[in-house]
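K.L.:
Quick note, the working numbering runs 36 ahead of the 1-based positions in the sequence shown. Backbone N, C-alpha and C define an ideal beta-carbon position, used for all residues, glycine too.
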Amino acid sequence: MLPFIKNQDILKVNYINNLELLKRFDIIVFFQDGHYICHYFWRFNKYFNTLEKKFITRPLNPLRNVDKPSTTSNILGKVENFKIPIWFKVKIILISLVLSNRDGYA
Numbered sequence: 037m038l039p040f041i042k043n044q045d046i047l048k049v050n051y052i053n054n055l056e057l058l059k060r061f062d063i064i065v066f067f068q069d070g071h072y073i074c075h076y077f078w079r080f081n082k083y084f085n086t087l088e089k090k091f092i093t094r095p096l097n098p099l100r101n102v103d104k105p106s107t108t109s110n111i112l113g114k115v116e117n118f119k120i121p122i123w124f125k126v127k128i129i130l131i132s133l134v135l136s137n138r139d140g141y142a
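Structure (structure tokens):
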């Protein structure tokens, strides 16, 4: 989550009682492939029809592909003491729109 969250920063992570309340750009911490990952929430994955809901996150670099879907049981919580600035959200959305027109990225 560089440049907004650096490796030595201390995160305040709160448990999420209702995952349906997650919004796009909420910063979350989740466990995947043996690592704790801090990325922003993009959406629930509507293409997997499984018992446990899956979600998609993204890194701050909008040119990098989305993360692979993960199950909601891997979410540790939402980061409360860091937010993505509005100007950066707009930048990510604009780049996503350009890329989705090019190769189905969004």
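Short check: CB of GLN68 to CB of ASN117, under 8 Å?
P.N.:
No. Outside cutoff.
K.L.:
Grab the span of the beta strand (DSSP E) containing LYS90 for me, first residue to last.
P.N.:
Residues 90–94.
K.L.:
Between ILE128, LYS89, LEU58, which lies nearest to PRO95 when the distance is taken from Cα to Cα?
P.N.:
Comparing Cα positions, the closest option is ILE128.
K.L.:
Per DSSP, which one or two residues make a beta bridge with PHE67?
P.N.:
Bridge partners of PHE67: TYR72.
K.L.:
Whose C-beta lies closer than 6 Å to the C-beta of CYS74 among residues of the same chain, with five residues either side of it excluded?
P.N.:
Around CYS74: MET37, VAL65.
K.L.:
Going by DSSP, name the residue or residues bridged to ARG60.
P.N.:
For ARG60, which the question treats as bridged, DSSP gives no partner whatsoever.
K.L.:
With a Cβ-Cβ cutoff of 8 Å, do TYR76 and ILE63 count as a contact?
P.N.:
Result yes, Cβ atoms of TYR76 and ILE63 sit closer than 8 Å.
K.L.:
Going by the CB atoms, is the gap between VAL49 and VAL135 shorter than 8 Å?
P.N.:
In the sequence on display, residue 135 carries Leu and not Val. Result no, Cβ atoms of LEU135 and VAL49 do not sit closer than 8 Å.
K.L.:
Which ranges would you report for the beta strand (DSSP E) in the segment 96–123 if only whole runs of at least 3 residues count?
P.N.:
Listed in chain order, the complete beta strand (DSSP E) runs (minimum 3 residues) inside the segment 96–123 are 111–115.
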